[in-house]
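J.: Pasting a structure here, questions to come.
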Amino acid sequence: QQQVKQSPQSLIVQKGGISIINCAYENTAFDYFPWYQQFPGKGPALLIAIRPDVSEKKEGRFTISFNKSAKQFSLHIMDSQPGDSATYFCAASILTGGGNKLTFGTGTQLKVEL
Amino acid sequence: ETGVTQSPTHLIKTRGQQVTLRCSSQSGHNTVSWYQQALGQGPQFIFQYYREEENGRGNFPPRFSGLQFPNYSSELNVNALELDDSALYLCASSSLAGVGANVLTFGAGSRLTVL
Numbered sequence: 001q002q003q004v005k006q007s008p009q010s011l012i013v014q015k016g017g018i019s020i021i022n023c024a025y026e027n028t029a030f031d032y033f034p035w036y037q038q039f040p041g042k043g044p045a046l047l048i049a050i051r052p053d054v055s056e057k058k059e060g061r062f063t064i065s066f067n068k069s070a071k072q073f074s075l076h077i078m079d080s081q082p083g084d085s086a087t088y089f090c091a092a093s094i095l096t097g098g099g100n101k102l103t104f105g106t107g108t109q110l111k112v113e114l
Numbered sequence: 001e002t003g004v005t006q007s008p009t010h011l012i013k014t015r016g017q018q019v020t021l022r023c024s025s026q027s028g029h030n031t032v033s034w035y036q037q038a039l040g041q042g043p044q045f046i047f048q049y050y051r052e053e054e055n056g057r058g059n060f061p062p063r064f065s066g067l068q069f070p071n072y073s074s075e076l077n078v079n080a081l082e083l084d085d086s087a088l089y090l091c092a093s094s095s096l097a098g099v100g101a102n103v104l105t106f107g108a109g110s111r112l113t114v115l
């Protein structure tokens, strides 16, 4: 059972454009929602994360929008750059149980073209 | 400050064999998690270790086992390898408390191919 659904599978954006990746979750017990960025040959690296008590979090060009009632969250990359070309994963976990065991989405391969 | 290091980076095994993958956690981290990432998929949680004991397990059979050592390094062992075990195995370390608690730092992974 896939608990975190991610779309689109791939995305091509022009340099300077906005990249938007969407995720939906099923388990209402999730209380931590991070986004990870993965380059070829590397492990995933934390990009930005949000807790369900806020609806938006912004760090530089990256923004998470969170809709608790719809059980959806999204990543917006403003002014997308070729260096942002990577695979992006949304994830969710329950922090209150001790430890951090992430459930990942299936990933979005982003390509930013010049 | 060193990151998470994993070894070996690549290995090839045949069906039915056993494999051991190793992970050195980031300095200051006391928790280690293992994930399996099949080609084109997101990582899937295998298990987590804290204070040398398993602290949560995903939907993986018992032939997947692990160890955590007093220095917080860890091993993942897989017995009776199957073709579907071919994947990138990721180790991630974290701490349960303090600054940056529960933020996972991933290694670059060990690419296992089962023939």
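Those protein sequences? They're chains A and B, same order as listed. Heads up, the first sequence is in the numbering used here, so the first residue is 1 and it goes up one at a time. Heads up, the second sequence is in the numbering used here, so the first residue is 1 and it goes up one at a time. For every residue, glycine included, the Cβ atom is placed at its ideal position computed from N, Cα and C. All of these numbers come straight from a predicted model, not from anything done at the bench.
#1: Could you please tell me which residues of the stretch 72-91 of chain A, in chain order, have their CB closer than 7 Å to any CB of chain B?
#2: Applying a beta-carbon distance threshold of less than 9 Å, which residues of chain A neighbour B/S33?
#3: Taking B/T20 and B/N71 to be in contact with their CB atoms under 8 Å, please state how far apart those CB atoms are, rounded to whole angstroms.
#4: Below 9 Å on C-beta distance, what does B/N79 contact in chain A?
#5: Quick check on this structure: which residue in A/L46, A/S19 and A/D31 has the alpha carbon closest to the alpha carbon of B/S94?
#6: Apart from the five residues just before and just after B/S86, which ones in its own chain have a Cβ nearer than 7 Å to its Cβ?
#7: So, is B/S7 buried or exposed, given that buried needs 16 or more other C-beta atoms within 10 angstroms?
#8: The stretch 41-63 of chain B: which residues have C-beta closer than 8 Å to a C-beta of chain A, in chain order?
#9: Compute the distance between the beta-carbons of A/S7 and A/Q109, then report whether it is under 7 Å.
#10: Are three or more beta carbon pairs between the stretch 40-59 of chain A and the stretch 9-26 of chain A nearer than 8 Å?
#11: If we cut at 7 Å on Cβ distances, does A/G107 have a partner in chain B?
#12: Would you mind sorting A/P82 into buried or exposed? The rule is 16 or more other CB atoms within 10 Å of its CB.
#13: Taking 7 Å as the CB-CB cut-off, is B/S94 touching chain A?
#14: What number of angstroms, rounded off, separates the C-alpha of B/F45 from the C-alpha of B/S74?
#15: Can you name the residues that DSSP bridges to A/H76?
#16: Going by C-alpha distance, which of A/S74, A/V112, A/I94 and A/A49 is nearest A/A24?
#17: Can we say the stretch 48-60 of chain A touches the stretch 31-51 of chain B, given the rule of at least three CB pairs closer than 8 Å?
#18: Could you tell me the alpha carbon to alpha carbon distance between B/E54 and B/P62, rounded to whole angstroms?
#19: Going by DSSP, which residues form a beta bridge with B/Y49?
#20: Just grab the DSSP bridge partners of A/N27 for me.
#21: Can you check which of these residues, B/Y89, B/E82, B/L11 and B/Q68, is closest to B/Q41 by C-alpha distance?
#22: Among all the DSSP beta bridges, which residues are the ones paired with A/K57?
T.: In short:
#1: So the list reads F89, given in the order they occur along the chain.
#2: For B/S33, the residues of chain A that pass the 9 Å Cβ criterion are G99, N100, K101 and L102, in the order they occur in the chain.
#3: Contact flag wrong, Cβ pair sits at about 17 Å.
#4: Those within 9 Å of B/N79 in chain A number zero; the least Cβ separation is about 23 Å.
#5: When only C-alpha atoms are compared, the closest one is A/L46.
#6: Listed in chain order, the non-local C-beta contacts of B/S86 below 7 Å within the same chain comprise L112, T113 and V114, local neighbours out to five positions each way being set aside.
#7: Counting Cβ neighbours within 10 Å, B/S7 comes out exposed, since fewer than 16 surround it.
#8: Taking a C-beta cut-off of 8 Å against chain A, the contacting residues of the stretch 41-63 of chain B are Q41, G42, P43, Q44, F45, Q48, Y50, N55, G56 and G58, listed in chain order.
#9: The Cβ atoms of A/S7 and A/Q109 lie no closer than 7 Å to each other.
#10: These segments do not touch.
#11: Judged by the 7 Å Cβ criterion, A/G107 is in contact with chain B.
#12: Here A/P82 is exposed. Its C-beta has fewer than 16 other C-beta atoms within 10 Å.
#13: Closer than 7 Å to some Cβ of chain A, the Cβ of B/S94 qualifies, so yes.
#14: Rounded to the nearest angstrom, the two C-alpha atoms are 15 Å apart.
#15: Answer is A/I20 and A/T63, bridged to A/H76.
#16: Measuring from the Cα of A/A24, the nearest candidate turns out to be A/S74.
#17: The answer is no - the stretch 31-51 of chain B does not touch the stretch 48-60 of chain A, with fewer than three Cβ pairs under 8 Å.
#18: Cα to Cα, B/E54 sits roughly 12 Å from B/P62.
#19: Its beta-bridge partners are B/V32 and B/E54.
#20: None; A/N27 has no bridge partner.
#21: For B/Q41, the closest C-alpha among the options B/Y89, B/E82, B/L11 and B/Q68 is that of B/Y89.
#22: Checking the DSSP bridge columns, you'll see A/K57 partnered with A/I64.
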